[in-house]
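Written out below as structure tokens is the structure these notes cover.
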């Protein structure tokens, strides 16, 4: 995952055979294995140990992530933890193939130079300062969010290629020039999208799921309006604060962007009018965007829509089949994210997250409801280290946490909504927590260390916003 | 599929937008759609029309095969014929991932130059004439066949990389030099493997399935020995004749191979002793081969074994993750074969092949059993145009054909075995009929036209061998 969709992106291969990079994950896995299995079958506990080893190896990086995950998938089958059919199941996952499509889309937008053109326009309009650029990306996301229920389509399919083009227009590529502009913009895109996802019932897949679960468990009805109103104030605070924090933690070294603005205008003139391929690309991009935005009125999945777009690009020969096959980022994401989503899914099937939820719930069983709910939110957030999907996380843990909060006397709407918001926000911490993560991270502007550090700080920021500001606002609107 | 695992292979992109290439498949699909649906739901019949369009487009090639199949998969979902989950299911198929592994293996064997070394030794030993080379490949396959139940592992994983290296050692690459040697060797490898697969109960997956179905349907027990004895004479005749026919239809233009033999000896001297990566590759190759050969004594699937080998190559850094991602042939096969196997699988689920089997069986219901059985074998063979898997074909059609043959008085063992042999031989006709096909075809030495033409001639050859010679031999050994 050290490269992008740019064929010529610098690749920093880790050549040294550092023994500790292998030893540490294996020790962690061994330690997990030796813990008391608390009633779980050895196979289930073995999965947990393997998952811990894998996540640890994703951090120590004895090999690139794709290779690490491929090793884990192979081990999961050879150790008898997962059948060969199940081991391969992640490679047929709908989100994984949407990610593949997003990479191919980005390639089309880059190759036709449409992205460059949009980037120059964006820089001319919003490029006065890097921060303004960051905010304009988040605002564009916010504008689409109420009617795009796939955060992967929105952040990965639409905004990622444009952000990539903007970064490149500033001469910022993965590697030494990443910190110039790209790292800041990419991280802002990703983290901003999580806030935006939390703000509307229809902005991402786990939200309607949470609403449905709340209805089933306690008859708690969460309307679209109630969700949006409850998210309004903490959401706006987060939208303002998150780009600032990213700006602080990974500051763009290019501060004076005015020369870039002039250059952009000059380059636009040189580019001249749109060529045939560029126009086709824009048309296809618009069709896909419209179909994603109108998801409520048809039942084509975002993935099918993406492949309709890709089909149009292939038929019109804007993209060549060779271009598709050469898009390493797509195949890399297929392998590592597909494998990881399988491992996390099997962990969920084995009932481990649910058991963790129940055990955590037991711990807070004697606390006042507000303290218990706050503690549950913290646990809910950090347990996302073990998930590769927002929906899987909400499915596994929301019911237990929600039920316990109710049992302790928490107001149902308050409990459902606060857990609902964190169902998106929790993806802040890793590079595999939700669909856009492999895409934006895969562009290669941030190292995994940077990604995780900034993510962890932002998780604290979110707790600092959504607990005090959120609870205050929810008092004002009468949720408790 | 115009390239191989050689990074520098010549790619002949079809640039011209030939309208007829689109129109013909769409007309064929439309015609199928307009046929009476004979009681099938529109969705099932639509799948049939889509499948016909796809196969037709694979022949007319408006776009490369991968793109054609991707369009069909997209259409299958957007037309409401297949759910999005089902549409992606082929990408988690165990055989598809074994094919991916075979491509990566071939890359390792090429990159380390182990293949070159084995090729020079092979040429020195058997390279007196192209025909002798062809026969030596088939013999190597035969030697492994009794104990390697995956024809994909055998022909695709083991023999393909060696054959590829031999072809290259003769200066034969895809493109203008393909006919020099590579086309003949590749086609011989593939077609020889089908004969070999038919010869032992344990040589390929459909064989034990046929044995099990025969037992379930009529209590007909097929022992390993009975299978091998019944296949012996027609099998040997076919093993002798098939390479000759391929030699005739796609003659290697390099006739005098003695200079190549001298060159091979010289090159071996220049290569010197094996390097570290080459030795590791040989060790891993041997481990994988041993595990494939010992499949009866452990329960690791051939795919898991292949990925164990790949894992070892990655851990020892013989293969780099970048090499894996750059292996376009693997990703191409994943998309086109994965998509095709899904379409064919859905067709099977919709019950169309079974209905075809029943209808065909009805047609021969008044014939003497031997004529009916011969007719059923012909139908069984050519209906494989609609299948991307030997197992799927046997599952869908063997029971009906076997039952009808029995009903007409055919001796049970004769009927079961003859249908059993054709359960492998039927893959002669297409480049997607069984696992090794996408691999060997994907090397790019033969055009699809050549592949299909030679395949069709060989299907006639097989009928001419297995019906008269087979029936005579089966009389001798008392099967009827």
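Chains as they are written, first to last, in this note's numbering: chain C, 23 to 502; chain P, 23 to 502.
Beta carbons are placed, not taken as given, at the ideal position from N, Cα and C, and that holds for glycine.
Self-check item: Range covered by the alpha helix (DSSP H) that runs through residue 185(P)
Solution: Position 163 of the second chain, counting from 1, holds the residue named residue 185(P). Per DSSP, the unbroken alpha helix (DSSP H) holding residue 185(P) starts and ends at 182-191.
Quiz prompt | Short CB-CB distance (under 8 Å) between residue 27(C) and chain P | solution = By one-based count along the first chain, residue 27(C) stands at place 5. Residue confidence is low: residue 27(C) scores 41 on pLDDT, short of 50, so the model does not pin down where it sits. No coordinate-derived value is stated.
Exercise. Please compile the residues from chain B whose C-beta is within a distance smaller than 8 Å of the C-beta of residue 113(C).
Key: The structure shown contains no chain B; the protein chains it does contain are C and P.
Practice problem: Please decide whether residue 314(P) counts as near chain C, where near means a Cβ-Cβ distance under 8 Å. | Solution: As a working note, residue 314(P) is residue 292 in the second chain. Closer than 8 Å: no.
Quiz item: Cα-Cα, which of 236(C), 217(C), 241(C) is closest to residue 250(C)?
Solution: Numbered from its first residue, the first chain carries residue 250(C) at position 228. Closest option to residue 250(C), Cα to Cα, is 217(C).
Exercise. Specify the secondary structure class of residue 70(P) as computed by DSSP and reduced to three states.
Key: For the purposes of this step, residue 70(P) is identified with residue 48 of the second chain, where counting begins at 1. Helix at residue 70(P).
Quiz item: How would you call residue 179(P), buried or exposed, if buried means at least 16 neighbouring beta carbons within 10 angstroms?
Solution: Start at 1 with the first residue of the second chain, and residue 179(P) comes out as number 157. Result: buried.
Self-check item: Members of the region 316-349 of chain C that neighbour chain P once the beta carbon cut-off is set at 8 Å
Solution: The region 316-349 of chain C vs chain P, Cβ under 8 Å: 322, 323, 325, 326, 329, 330, 332, 333, 336, 337, 339, 342, 343, 344, 346, 347, 348.
Practice problem: Identify every run of the alpha helix (DSSP H) within the region 192-265 of chain C, keeping only runs that are complete inside it and at least 4 residues long; order them along the chain. | Solution: Runs found: 204-221, 228-240.
Practice problem: Give a yes or no on whether 8 Å exceeds the smallest Cβ distance from residue 106(C) to chain P. | Solution: Counting from one through the first chain, the residue named residue 106(C) turns up at place 84. So, interface residue.
Quiz prompt | Exposed unless 16 or more other CB atoms sit within 10 angstroms - verdict on residue 94(C) | solution = As a working mapping, residue 94(C) is identified with position 72 in the first chain. It counts as buried.
Exercise. Return the chain-ordered list of same chain residues with a C-beta closer than 7 Å to the C-beta of residue 457(P), the five sequence neighbours on each side being excluded.
Key: Counted from its first residue, the second chain places residue 457(P) at position 435. Cβ contact annotation for residue 457(P) (same chain, cutoff 7 Å, sequence separation greater than five): 117, 120, 121, 173, 174, 178, in chain order.
Exercise. On a CA-only basis, which of 64(C), 68(C), 65(C), 98(C) is nearest residue 333(P)? Give me that one, please.
Key: Numbered from 1 along the second chain, position 311 holds the residue referred to as residue 333(P). With distances taken between CA atoms, residue 333(P) lies nearest to 98(C) out of 64(C), 68(C), 65(C), 98(C).
Quiz prompt | Any chain P beta carbon closer than 8 Å to residue 96(C) | solution = Looking up residue 96(C) in the first chain gives position 74. Yes, its Cβ sits closer than 8 Å to a Cβ of chain P.
Quiz prompt | residue 146(C) beta carbon near the ligand HEM (any heavy atom closer than 7 Å) | solution = Questions concerning the ligand HEM fall outside what the structure shown contains, since it holds no ligand whatsoever.
Quiz item: Leaving out five residues before and five after residue 52(P) in sequence, what residues of the same chain have Cβ atoms less than 8 Å from its Cβ?
Solution: Taking the first residue of the second chain as 1, we reach residue 52(P) at position 30. For residue 52(P), where only same-chain residues beyond five positions count, the Cβ hits under 8 Å are 71.
Quiz item: With distances taken between CB atoms, is the gap from residue 56(C) to residue 352(C) smaller than 8 Å?
Solution: Within the first chain, residue 56(C) is the residue found at index 34, counting from 1. Within the first chain, residue 352(C) is the residue found at index 330, counting from 1. No, the pair does not count as a contact, with Cβ atoms beyond the cut-off.
Exercise. Would you mind sorting residue 133(P) into buried or exposed? The rule is 16 or more other CB atoms within 10 Å of its CB.
Key: Here the question's residue 133(P) lines up with position 111 in the second chain. The residue in question, residue 133(P), is buried, as its Cβ has 16 or more Cβ neighbours within 10 Å.
Quiz prompt | Supposed contact pair residue 414(P) and residue 367(P) - C-beta distance, whole angstroms, cut 8 Å | solution = Residue numbering aside, residue 367(P) sits at position 345 when the second chain is read from its first letter. Residue numbering aside, residue 414(P) sits at position 392 when the second chain is read from its first letter. Confirmed, Cβ separation roughly 6 Å.
Self-check item: Every unbroken alpha helix (DSSP H) within the region 398-469 of chain C, with a cutoff of 4 residues, ordered by chain
Solution: Listed in chain order, the complete alpha helix (DSSP H) runs (minimum 4 residues) inside the region 398-469 of chain C are 412-429, 434-447, 458-464.
Exercise. For the region 52-114 of chain C, list the beta strand (DSSP E) runs that are entirely contained and at least 3 residues long, ordered along the chain.
Key: Runs found: none.
Quiz prompt | Neighbour flag for residue 42(C) against chain P, beta carbons, 8 Å | solution = Residue numbering aside, residue 42(C) sits at position 20 when the first chain is read from its first letter. So no, residue 42(C) is outside the interface.
Practice problem: Spatial neighbours of residue 32(P) within its chain, please: CB distance less than 6 Å, with the 5 preceding and 5 following residues excluded, ordered by chain position. | Solution: To locate residue 32(P), count along the second chain from 1; it is residue 10. Note on residue 32(P): pLDDT 36, under 50, position unreliable in the model; the coordinate value appears next. Here the set comprises 197.
Quiz item: Going along the chain, which residues of its own chain have a beta-carbon closer than 8 Å to the beta-carbon of residue 37(P), five neighbours each way excluded?
Solution: To locate residue 37(P), count along the second chain from 1; it is residue 15. Its pLDDT being 47, under 50, residue 37(P) is placed unreliably in this model, and the value from its coordinates should be taken loosely. Cβ neighbours of residue 37(P) within its own chain (closer than 8 Å, five residues either side excluded): none.
Self-check item: Contacts that residue 88(P) makes with chain C (C-beta to C-beta distance below 8 Å)
Solution: On the second chain, residue 88(P) is found 66 positions in, with the first residue counted as 1. Going along chain C in sequence order, the residues near residue 88(P) (Cβ under 8 Å) are 343, 346, 347.
Self-check item: Close-in-space but distant-in-sequence residues of the same chain around residue 356(P) (CB under 7 Å, 5 per side omitted)
Solution: For the purposes of this step, residue 356(P) is taken as residue 334 along the second chain, with counting starting at 1. So the qualifying residues of the chain are 113, 118, 122.
Self-check item: Contact the region 204-216 of chain P vs the region 458-473 of chain P: 3+ CB pairs below 8 Å
Solution: Touching, yes.
Practice problem: Spell out whether any CB of chain C is found under 8 Å from the CB atom of residue 99(P). | Solution: The sequence position of residue 99(P) within the second chain is 77, counting from 1. It does; some Cβ of chain C falls within 8 Å.
Quiz item: Under a CB-based cut-off of 8 Å, is residue 369(C) close to chain P?
Solution: Locating residue 369(C) in the first chain gives position 347, where the first residue counts as 1. Using beta-carbon distances, residue 369(C) does not count as an interface residue toward chain P, since no partner is under 8 Å.
Quiz prompt | Helix, strand or coil at residue 338(P) according to DSSP, with G and I counted as helix | solution = By 1-based counting over the second chain, the position of residue 338(P) is 316. Coil at residue 338(P), not helix or strand.
Exercise. Determine whether the Cβ of residue 93(C) lies closer than 8 Å to any Cβ atom of chain P.
Key: By one-based count along the first chain, residue 93(C) stands at place 71. Under the 8 Å criterion on CB atoms, residue 93(C) is classed as interfacial with respect to chain P.
Quiz item: Are the beta-carbon atoms belonging to residue 88(C) and residue 343(P) less than 8 Å from one another?
Solution: On the first chain, position 66 is the one that residue 88(C) refers to. On the second chain, position 321 is the one that residue 343(P) refers to. Against a cut-off of 8 Å, the Cβ pair of residue 343(P) and residue 88(C) comes out as a contact.
Practice problem: Kindly say whether residue 354(C), judged by its beta-carbon, lies nearer than 8 Å to any beta-carbon of chain P. | Solution: For the purposes of this step, residue 354(C) is taken as the residue at position 332 of the first chain. So, interface residue.
Exercise. Measure the alpha-carbon distance for residue 302(P) versus residue 336(P) and round it to whole angstroms.
Key: Here residue 302(P) is taken as the residue at index 280 of the second chain, counted from 1. Here residue 336(P) is taken as the residue at index 314 of the second chain, counted from 1. So the two alpha carbons sit approximately 11 Å from each other.
Self-check item: 7 Å CB neighbourhood of residue 128(C) in its chain, flanking five on each side removed
Solution: For the purposes of this step, residue 128(C) is identified with residue 106 of the first chain, where counting begins at 1. Same-chain partners within the cutoff: 27, 182, 183, 186.
Quiz item: Run through DSSP, which three-state label would residue 499(C) get?
Solution: Translated into positions along the first chain, residue 499(C) becomes position 477. Residue 499(C) sits in coil when the DSSP states are folded into three classes, being neither helix nor strand.
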